[in-house]
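Note sheet for the following structure.
There are 2 protein chains.
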Amino acid sequence: MISILPVEGLPPIREGADLGALIAAAAEVREGDVVVVAQKAVSKAEGRIVRLDELEPGEDARRLAGGRDPRLMQAILDESVRIVRERDGFVIAETRHGFVCGSAGVDASNAPEAGMLVLLPLDPDASAERIRRSLGAGAAVIVSDSFGRPWRMGTTDVAIGAAGLRPLLDLEGRRDPTGYELHSTMIAVADEIAGAAELAMRKLAQVPAAIVRGLDLAGEGSARELIMPRGRDLFR
Amino acid sequence: MISILPVEGLPPIREGADLGALIAAAAEVREGDVVVVAQKAVSKAEGRIVRLDELEPGEDARRLAGGRDPRLMQAILDESVRIVRERDGFVIAETRHGFVCGSAGVDASNAPEAGMLVLLPLDPDASAERIRRSLGAGAAVIVSDSFGRPWRMGTTDVAIGAAGLRPLLDLEGRRDPTGYELHSTMIAVADEIAGAAELAMRKLAQVPAAIVRGLDLAGEGSARELIMPRGRDLFR
């Protein structure tokens, strides 16, 4: 059996917060657990916040903004290496990490105050590793964020940072019960874990972490393994 | 707490199998549970199988096959309304249901016998509803399949059929703790549930179903709600 336990009772997360210590104080974390922490909490702890009134929109930001705030668009462009699609002020961009997502992960919701934007962590794997060390329980850590998907409605949470687990489960070369050899069967378990944790988090109720218990995925890995290499990507 | 319980001890699924009755006999299903059933099992029960040696590849299939079996490509084309991308015999297609996925969901792995291909159910929502009625426990049902994603490595399981739950959780208009109104915040909970269930299934060990317990999503809905309407889709 796999269990997903929300981590309740965390205080509002401020810059400098030690998320691992806060989670360890609020919940019983066991060896082998996967602790999933919402990106928003990680970014706040790391001070990855900009104020709209500190942003000076350039020409590109004004052109792309549509009916939206051109300063928000400037923040998005500052986080992006490439615009993948844009329409009416809505932008899907590739971030400096290589993630392709809406608004390059820049988000005004759940910011510490109105007029502030939350940016993705600079190095979400390093964030996960720091939380993991601070937890000190032999658990793995995933930093999750909500991404949209082409062709499908709604967001699902995926892993943008990982420490202490293998994010991909590769069945290549194994055989199914009829002896058929499985090709290119690679399961993005870290993304499935992030999505499972989202079911137990409540975006509106300050529950930015959940524990997924009962998996056996310990190992070393990086959420960068979840980014498709350019040469294999049919959608660049 | 949310629990994910694999449904163990199911027999190999043959055409005509009553999946709901088999699952009810193998596991204790409770009101409010979400029972996730792998598409492969559903398709086998529904006889959605073709034999490679019954397929006569046409010109398009031969051209697109690359180094692969042109009869497999013919089966893929028969299931497709549109080829979205293709390279070296690998095809991403839109199925007649509107799903965009690799090989239009046609799969040679885990087929009943070598030389057979498993196709997606004709109407996965109806499949889910039939299983739900046969379960008779007030549970919801999701039919899941493993889909790849642009830009990200590996597959995650998503919902291709649903009965008895709302597949999307819409937070539009609700406010976060700072009073910021959430726009376009729609969570594809059915896909996250399918992915969570995948973590408890074992593709190689005949565990084609799992129970997700502890959610509160009962309602009416269709997996078709998870398909992005053409007008909103930036990736058509």
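Taken in sequence, the protein lines are chains C and X. Just so we're aligned, residue 220 is where the first sequence starts under this note's numbering, counting upward by one. Just so we're aligned, residue 220 is where the second sequence starts under this note's numbering, counting upward by one. Ideal Cβ placement from N, Cα and C applies to all residues, glycine included.
Let me check one thing: in DSSP terms, what residues is residue i bridge-paired to?
{"i": "G380 of chain X", "result": "X:V362"}
{"i": "E313 of chain C", "result": "C:R301 and C:V319"}
{"i": "A509 of chain C", "result": "This structure leaves residue 509 of chain C out entirely; chain C is present only between 220 and 455."}
{"i": "A458 of chain X", "result": "Examination of residue 458 of chain X is not possible in this model, given that chain X is present from 220 through 455 alone."}
{"i": "M420 of chain C", "result": "DSSP output for M420 of chain C lists no bridge partner at all."}
{"i": "L336 of chain X", "result": "X:V269"}
{"i": "L224 of chain X", "result": "X:I430"}
{"i": "D342 of chain C", "result": "Answer is none; D342 of chain C lacks a bridge partner."}
{"i": "M405 of chain X", "result": "X:D389"}
{"i": "R371 of chain X", "result": "C:I446 and X:R368"}
{"i": "R306 of chain X", "result": "X:F309"}
{"i": "G237 of chain X", "result": "The amino acid at residue 237 of chain X is misidentified as Gly; the sequence shows Asp. Answer by DSSP bridge pairing: none, since D237 of chain X is not bridged."}
{"i": "D452 of chain X", "result": "DSSP lists no partner for D452 of chain X."}
{"i": "G326 of chain X", "result": "Before going further, note that residue 326 of chain X is Asp rather than Gly in the sequence given. In DSSP, D326 of chain X forms a bridge with X:V337."}
Along chain X, in chain order, which residues have C-beta atoms closer than 8 angstroms to that of residue i?
{"i": "M405 of chain C", "result": "M372, G373 and T374"}
{"i": "V337 of chain C", "result": "What V337 of chain C touches in chain X: nothing, since even the nearest Cβ is about 11 angstroms away."}
{"i": "I268 of chain C", "result": "Going along chain X, no residue has its Cβ under 8 angstroms from I268 of chain C, so there is no contact; the nearest lies around 12 angstroms."}
{"i": "L387 of chain C", "result": "M372 and G373"}
Can you round the beta-carbon distance between residue i and residue j to whole angstroms, since I take them to be within the 8 angstroms contact cut?
{"i": "G251 of chain C", "j": "A437 of chain C", "result": "6 angstroms"}
{"i": "D382 of chain C", "j": "E348 of chain C", "result": "The amino acid occupying residue 382 of chain C in the given sequence is Ala; Asp does not appear at that position. Sure, about 4 angstroms apart at Cβ, within 8 angstroms."}
{"i": "G373 of chain X", "j": "M405 of chain C", "result": "4 angstroms"}
{"i": "L271 of chain X", "j": "G324 of chain X", "result": "Not really, about 16 angstroms apart at Cβ, beyond 8 angstroms."}
{"i": "V408 of chain X", "j": "L418 of chain C", "result": "7 angstroms"}
{"i": "E313 of chain C", "j": "S299 of chain C", "result": "6 angstroms"}
{"i": "R371 of chain C", "j": "I446 of chain X", "result": "7 angstroms"}
How would you list, in chain order, the residues of chain C whose beta-carbon sits under 7 angstroms from the beta-carbon of residue i?
{"i": "A257 of chain X", "result": "Chain C residues near A257 of chain X: none, gap ~12 angstroms exceeds 7 angstroms."}
{"i": "R368 of chain X", "result": "R368"}
{"i": "V408 of chain X", "result": "L418"}
{"i": "E439 of chain X", "result": "Ordered by position in chain C, no residue passes the 7 angstroms Cβ test against E439 of chain X, which lies about 17 angstroms from the chain."}
{"i": "G228 of chain X", "result": "None at all; the shortest Cβ gap to chain C is about 15 angstroms."}
{"i": "L274 of chain X", "result": "Residues of chain C passing the Cβ test: none, with the nearest at roughly 17 angstroms."}
Name, please, each residue of chain X whose Cβ falls closer than 9 angstroms to the Cβ of residue i.
{"i": "M220 of chain C", "result": "S222, I223, L224, P225 and A419"}
{"i": "I412 of chain C", "result": "G414, A415 and L418"}
{"i": "V360 of chain C", "result": "Near V360 of chain C there are no residues of chain X at all, since even the closest Cβ is about 17 angstroms away, more than 9 angstroms."}
{"i": "V319 of chain C", "result": "P369, W370 and R371"}
Quick one: does the C-beta of residue i sit closer than 7 angstroms to a heavy atom of the ligand MN?
{"i": "G228 of chain X", "result": "No copy of the ligand MN occurs in the structure displayed, which carries no ligand at all."}
Going along chain C, which residues have a C-beta under 8 angstroms from residue i?
{"i": "R306 of chain X", "result": "L453"}
{"i": "L434 of chain X", "result": "L418"}
Find the residues of chain X that neighbour residue i, judging by a C-beta separation of less than 7 angstroms, and give them in chain order.
{"i": "E444 of chain C", "result": "M372"}
{"i": "I311 of chain C", "result": "L453"}
Notebook entry, point to check: In the stretch 278–304 of chain C, which residues sit with their C-beta less than 9 angstroms from some C-beta in chain X, listed in chain order?
Noted result: Legend: CB atoms of the stretch 278–304 of chain C lying less than 9 angstroms from CB atoms of chain X belong to residues V303 and R304.
Notebook entry, point to check: Should the stretch 260–267 of chain X be called in touch with the stretch 234–250 of chain X, which here means at least 3 C-beta pairs below 8 angstroms?
Noted result: A contact exists between the stretch 260–267 of chain X and the stretch 234–250 of chain X.
Checklist line | Three or more C-beta pairs below 8 angstroms linking the stretch 298–306 of chain C and the stretch 355–364 of chain X | finding: Taking a cut-off of 8 angstroms for Cβ pairs, the stretch 298–306 of chain C and the stretch 355–364 of chain X do not touch, as fewer than three such pairs fall below it.
Check: Can we say the stretch 406–413 of chain C touches the stretch 432–447 of chain C, given the rule of at least three CB pairs closer than 8 angstroms?
Finding: Counting C-beta pairs with one atom in each stretch, the stretch 406–413 of chain C and the stretch 432–447 of chain C have three or more that are closer than 8 angstroms, which means they touch.
Margin query: Against chain X, which members of the stretch 233–257 of chain C pass a CB distance test of less than 8 angstroms?
Written below: Flagged: no residues at all.
Note to self: Whether or not the stretch 440–450 of chain X and the stretch 371–386 of chain X are in contact is what I'm after, with contact meaning three or more pairs of Cβ atoms, one per stretch, closer than 8 angstroms; do they touch?
What the structure shows: Cβ pair count under 8 angstroms is three or more, so yes.
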